[in-house]
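One structure is given here, and the rest of the page talks about it.
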Amino acid sequence: MSDKVRPLRRPPIRQSTLVRSDREHTFEVFVRDIGVWWPTRSHSLGLERVATVTIERQLGGQVYETWADGSRADWGQVIVWDPPERFGMTWTSLPAVTEVELTFTALAPALTRVALEHRGWDRLTEAQVAAATSLGGGYEAGWRHILALFTASAEGGADR
């Protein structure tokens with residue numbers, strides 16, 4: 001590789017949503033209730049076999065899905081734990097480990113901005129990125145769908 005050739009930089013996926021709920025409740029719905037609102041039938045390793053999704057609520061905790069037969073498939077590890085402001089995890093469903101981080105910002109007593117960043121795409125080859133983003137709009141569309149379901153769940157149980 002020539003000294004003048006630089007590797008291609010792949011920007012992170014960044015998305016956000018506004019949730020009509022206070023920050024504490026919004027954070028709790030994401031981490032505590034992820035097994036309720038996450039679309040496991042379409043966005044998981046086990047698909048129809050998934051019984052629930054769990055985030056172990058501590059730095060270094062595991063994030064995983066549990067199947068109906070008791071089997072477990074790991075999604076990653078908690079790398080940022082700062083409730084109710086930030087949550088981050090490694091994402092191990094790709095050929096190389098990436099990271100997903102969410103920030104929860106109170107805009108008003110019952111309005112929270114949730115910003116998601118999925119980064120580390122530069123660790124994947126062009127072919128791996130193409131494969132990961134080729135189906136159904138890729139991770140951009142997937143995160144949009146997931147944030148919409150999360151928002152609906154958080155607002156549905158919000159104390160307003």
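Mapping of the sequence shown onto the UniProt record's numbering: residues 1 to 160, in sequence order.
We put the beta carbon where it would ideally sit given N, CA and C, even for glycine.
A quick note: this is a predicted structure, and the numbers were derived from the prediction, not measured.
Hey, quick one: how far does the beta strand (DSSP E) through residue i stretch, first residue to last?
i, result
"H118", "L111 to R119"
"Q77", "R72 to D82"
"E65", "Q62 to W67"
"T40", "It is not in any beta strand (DSSP E) - T40 carries neither H nor E in the DSSP assignment."
Ignore the nearest five residues each way along the sequence and tell me which others in residue i's own chain have a CB closer than 6 Å to its CB.
i, result
"V100", "M89, W91 and H118"
"E24", "P84"
"R14", "E117"
"residue 161", "The chain is shown from 1 up to 160; residue 161 falls before or after that span and cannot be answered."
Quick one: is residue i buried, meaning 16 or more other Cβ sit within 10 Å of its Cβ, or exposed?
i, result
"V129", "buried"
"D82", "exposed"
"S21", "buried"
"residue 180", "With the chain covering 1 to 160 only, the question about residue 180 has no answer from this structure."
What does a CB cutoff of less than 8 Å around residue i pick up in its chain, not counting 5 residues either side in sequence?
i, result
"D74", "Q62, V63, Y64 and T92"
"L94", "L124, Q128 and A132"
In whole angstroms, give me the CA-to-CA distance for residue i and residue j.
i, j, result
"G70", "L102", "29 Å"
"T54", "T26", "16 Å"
"S134", "A108", "38 Å"
"E140", "W38", "16 Å"
"V80", "A152", "24 Å"
"V36", "S44", "13 Å"
"L111", "R41", "29 Å"
"L149", "W143", "10 Å"
"R49", "A68", "6 Å"
"E126", "R10", "10 Å"
"D33", "T52", "10 Å"
When you measure from the CB of residue i to every non-hydrogen atom of the ligand SAH, does any distance come out below 7 Å?
i, result
"V78", "Summarising the ligand content, the structure contains no ligands, and the ligand SAH is consequently not present."
Residues bridged to residue i by DSSP?
i, result
"E99", "T90 and R119"
"L147", "Beta-bridge pairing links L147 to no other residue."
"R14", "E117"
"S108", "Sequence inspection shows Ala at residue 108; the Ser mentioned does not correspond to that position. Its beta-bridge partners are L111."
"V36", "According to DSSP, which records beta bridges pairwise, V36 is partnered with nothing at all."
Please go through the same chain and pick out, in chain order, the residues whose beta-carbon is closer than 7 Å to the beta-carbon of residue i, but skip the five residues on each side of it.
i, result
"V19", "T26, T112, V114, T151, A154 and E155"
"G60", "Q77 and V78"
In terms of residue numbering, what span does the alpha helix (DSSP H) encompassing residue i cover?
i, result
"T133", "E126 to T133"
"E28", "R23 to V31"
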